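In UniProt numbering, the protein residues as written are 1 to 376.
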Amino acid sequence: MNNRVNSVAKVRIFHAATIERPVDIYINDQQVISGLEYGEVTEYLPLEKGRYNVKIYDSENGDLLYNQTIMIDGDKYLTISAISETGQLKLVVLEDEVANRKSSLKKRKEDTVIKKVQDRLGNTIEVVVDQTGEIVEDAIDETGNIMVHAGDRIKRVIDRVGNVYEVVVNQSGKIIAKVISDLGNVVEGLVNRIGNTVKKTVDQFGNTVEVVVDGLENTVGWVIDELGDIVGETASDLSNLANGTTNEYVDLNEDTEFGFESMIPDFANNRVSHKSNDDDQAQVRFVHLSPNAPAVDITLPDGTKLFVDTAYKEVTDYIPVGAGTVDLQVRPTGTNQVALRIPNVIFDPGQMYTVYAIGLLNGNPPLEAILFEDQM
């Protein structure tokens with residue numbers, strides 16, 4: 001007899017496919033959802049860890065729209081979004097924050113999470129990370145070689161235009177791997193290239209700054225602390241960095257820690273201050289599921305950016321925002337054009353939300369935004 005107890009995931013399904021017709025969903029040939037309308041999401045359903053065959057049918061004519069087997073990991077809250085590309089349905093799996101984790105900065109010291117990273121050869125490796133960003137176990141590839149060592153760290157870095165990446169930095173300061181996003185993407189940039197080096201710098205004001213330098217010792221980015229600030233810099237100094245001001249660096253022996261699940265900052269002149277008490281904040285992230293829309297920024301009406309340069313099928317990290325009612329706007333990245341206005345969005349304190357952009361830009365169904373709470 002098999003006495004192994006499988007861990008249980010909580011899974012909800014979001015109908016974001018632009019076919020715009022209601023669907024029926026079967027898991028292992030058992031109907032679990034009937035008539036799910038476009039733009040609707042189910043409640044969280046309990047599923048044990050394992051493989052599941054998922055079939056999606058058109059509720060109106062019975063046509064089979066999707067038939068694939070997927071793997072569900074246990075002990076996670078997941079949102080599975082049904083999307084459509086070139087007339088075919090696909091599923092996008094996104095990990096949600098669990099119900100009792102109101103802030104990534106409130107995790108218990110002993111908590112760890114598993115992150116997937118990609119090394120220089122393109123291999124995917126799982127690493128176990130504590131709440132300070134330190135990797136606590138050696139990570140071994142399929143051949144038994146140690147690719148990431150305990151004591152290496154995950155750090156969040158930002159480039160000159162505000163793009164944010166997570167990287168693995170070894171104990172010598174070298175970037176040795178890139179963190180894979182929740183949607184399975186590895187975004188390439190100048191600042192997160194494997195082989196770049198993280199060094200400590202003293203700037204002209206005496207601040208300690210962690211910078212990222214390339215092989216020619218050019219500064220290509222900076223390390224972000226747990227509040228989303230460049231380490232050692234004040235908000236007024238960020239515009240100088242964005243405009244190309246660089247600092248001569250001096251190697252220091254200090255060890256500056258930061259929360260690897262820290263919030264994505266905004267940058268330079270469009271920066272939002274998120275420094276307020278956790279009890280007065282909500283946590284918000286953005287997912288781009290509009291197949292024909294370009295990369296977008298999510299802004300306030302005055303142009304203040306909350307999320308920048310988010311492309312199709314990309315997801316941001318959660319950021320803290322002040323609780324209350326706000327108006328949001330969706331703008332193609334790098335423009336002042338407003339593609340979508342989202343009025344009267346209510347953020348309750350202590351809650352976690354995901355804003356999804358779905359539909360078609362200048363098409364049918366039209367581009368729209370839908371807000372869901374990420375908790376039971």
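Idealized CB from N, CA, C, for every residue including glycine. Keep in mind it's a predicted model, so treat the numbers as computed, not measured.
Using a Cβ distance threshold of 8 Å, residue 175 and residue 193 count as a contacting pair. Residue 319 and residue 30 have their C-alpha atoms some 38 Å from each other. Under the three-state reduction of DSSP output, residue 348 falls in the coil class, being neither helix nor strand.
In this structure, residue 289 lies away from residue 342, with their beta-carbon atoms at least 8 Å apart. In this structure, the CA atom of residue 137 is about 8 Å from the CA atom of residue 151. Rounded to the nearest whole angstrom, the C-alpha separation of residue 79 and residue 12 is 5 Å. Between residue 38 and residue 366, the CB-CB gap reaches or exceeds 8 Å. Taking residue 281 as the centre and dropping the five residues before and after it, the same chain places the C-beta of 320, 321, 322, 323, 349 closer than 7 Å to its C-beta, in chain order. As the crow flies, the alpha-carbon of residue 303 is around 23 Å from that of residue 352. Counting C-beta atoms within 10 angstroms of its own C-beta, residue 133 has 16 or more neighbours from the protein chains shown and is therefore classed as buried. Using a 10 angstroms sphere on the CB of residue 7, the tally of other CB atoms stays under 16, which defines it as exposed. Beta-bridge analysis with DSSP links residue 310 to 296.
If you look at residue 337, you'll find it isn't in any beta strand (DSSP E); DSSP assigns it neither H nor E. Shown here, residue 280 sits in a helix according to DSSP, grouped into three states. Secondary structure note for residue 65: its beta strand (DSSP E) is the uninterrupted segment 64-72. Using a Cβ distance threshold of 8 Å, residue 57 and residue 47 do not count as a contacting pair. Listed in chain order, the non-local C-beta contacts of residue 301 below 8 Å within the same chain comprise 327, 329, local neighbours out to five positions each way being set aside.
The three-state secondary structure of residue 38, taken from DSSP, is coil. The continuous beta strand (DSSP E) containing residue 52 extends over residues 50-58. By the criterion of a C-beta distance shorter than 7 Å, residue 128 is surrounded in its chain by 112, 114, 135, 136, 137, once the five residues flanking it on both sides are discounted. Membership of residue 221 in the beta strand (DSSP E) is indicated by the continuous run 219-223. Residue 118 carries a strand assignment under DSSP once its states are collapsed to helix, strand and coil. Here residue 373 carries a strand assignment [DSSP, helix/strand/coil]. Sorting 339, 26, 45, 53 by C-alpha distance to the C-alpha of residue 59 places 26 at the top. Here residue 301 carries a coil assignment [DSSP, helix/strand/coil].
Put simply, the backbone Cα of residue 96 is about 6 Å away from that of residue 374.
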